[in-house]
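Undergrad:
There are 2 protein chains.
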Amino acid sequence: MMRTLPMAPMDQEIRPVVTDPVEDARLLVALKALADASRLAILQLIAAQDEPICACHIVDRFDLRQPTISHHLKVLSEAGLITTERHGVWAYYAIDPRGLGGVVSSMVGLAGRGD
Amino acid sequence: MMRTLPMAPMDQEIRPVVTDPVEDARLLVALKALADASRLAILQLIAAQDEPICACHIVDRFDLRQPTISHHLKVLSEAGLITTERHGVWAYYAIDPRGLGGVVSSMVGLAGRGD
DNA sequence: GAAAGACATTGACGCCCATCGATATGCTGG
DNA sequence: CCAGCATATCGATGGGCGTCAATGTCTTTC
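As you go down the protein sequences, you meet chains P and R in turn. Residues in the first sequence are numbered from 507 upward in steps of one, following the working numbering. Residues in the second sequence are numbered from 507 upward in steps of one, following the working numbering.
#1: Report the residues of the region 558 to 590 of chain P with a CB closer than 8 Å to any CB of chain R, ordered along the chain.
#2: Could you tell me the distance, in whole angstroms, from the CA atom of K538 of chain P to the CA atom of L540 of chain R?
#3: Closest by CA to S544 of chain R, which one among R:T525, R:P515, R:R592 and R:Q572?
#4: Can you pull the chain R neighbours of P515 of chain P, defined as C-beta to C-beta under 8 Å?
#5: Give the range of the alpha helix (DSSP H) segment to which E529 of chain R is assigned.
#6: Would you decide whether D602 of chain R is buried or exposed? Buried here means 16 or more other CB atoms lie within 10 Å of its CB.
#7: For the alpha helix (DSSP H) holding A543 of chain R, just list the boundary residues, first then last.
#8: The alpha helix (DSSP H) with I564 of chain R in it runs from where to where?
#9: What's the gap between the Cα of T590 of chain R and the Cα of M513 of chain P?
#10: Would L534 of chain P and L546 of chain R qualify as a contact pair, given that the criterion is a beta-carbon distance under 9 Å?
#11: For chain R, check one thing: does any of its Cβ atoms lie closer than 9 Å to the Cβ of D530 of chain P?
#12: Rounded to a whole number of angstroms, what is the C-alpha to C-alpha distance between Y599 of chain P and D556 of chain R?
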């Protein structure tokens with residue numbers, strides 16, 4: 507097996523990065539929203555349901571105060587990862603596939619040329 | 507178009523979350539590594555190359571000191587997102603498709619039942 | 001082997017943010 | 001309307017982490 511060594515740095519041609527700055531910003535917001543243990547667990551709980559889940563049930567299942575849960579839900583919502591639906595006193599949350607889809611396609615794009 | 511309202515919370519059956527705790531931990535480490543503007547930009551630069559890129563070239567292209575770049579590269583490496591290869595004095599970095607692949611499949615799994 | 005250069009490590013500092021208690025808002029039943 | 005409950009907002013606080021300067025380690029060259 508021939509193993510080609512990397513070129514000396516001075517001989518290396520560096521390809522420029524091509525990215526849309528606004529999409530980059532959105533991606534970063536989504537990643538920051540995902541990169542927290544509590545929020546990831548909340549998102550997993552929401553994703554495990556086959557219908558929108560009431561916020562009260564989320565509060566029940568975590569060792570976090572209600573304002574903290576509410577804060578996390580807001581962050582996830584503003585990141586485009588979940589949808590909100592209020593009915594009377596209750597708030598229902600569900601996965602927004604477009605948000606996660608955007609993250610997935612960006613990640614696939616990064617792994618792209620990985621041979 | 508019939509639009510079904512969500513059930514009252516008391517009537518809602520909550521499905522449990524099924525996840526592997528160690529894989530969850532790995533996913534969280536990867537997401538934390540990705541959720542930083544500098545590291546994401548570094549990763550994009552690495553991903554844009556078709557060969558491993560020398561650390562010196564990364565330092566050249568950012569307004570960050572060399573120790574900071576080195577720190578970020580370490581975080582990305584420990585998250586399994588990039589591979590390291592030292593040749594003499596120089597360190598070469600490349601995308602580790604397995605790391606990003608794990609993130610992608612986890613995200614796809616979350617979006618899964620999103621109809 | 002001494003000097004120079006590339007990269008890693010350390011310690012310190014400042015800022016962001018997860019979390020909380022307290023409180024506000026908004027809906028509903030009586 | 002008034003009481004009670006679900007959720008959202010606010011202000012404060014503590015911990016985590018991104019960044020830097022200084023220094024260490026390793027490699028190559030003369």
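Cβ coordinates follow ideal geometry from the N, Cα and C atoms, glycine included.
TA: Let's see:
#1: P558, I559, C560, C562, H563 and R567
#2: 8 Å
#3: R:Q572
#4: C560, C562, H563 and W596
#5: P527 to L540
#6: buried
#7: A543 to A554
#8: A561 to D566
#9: 15 Å
#10: yes
#11: yes
#12: 42 Å
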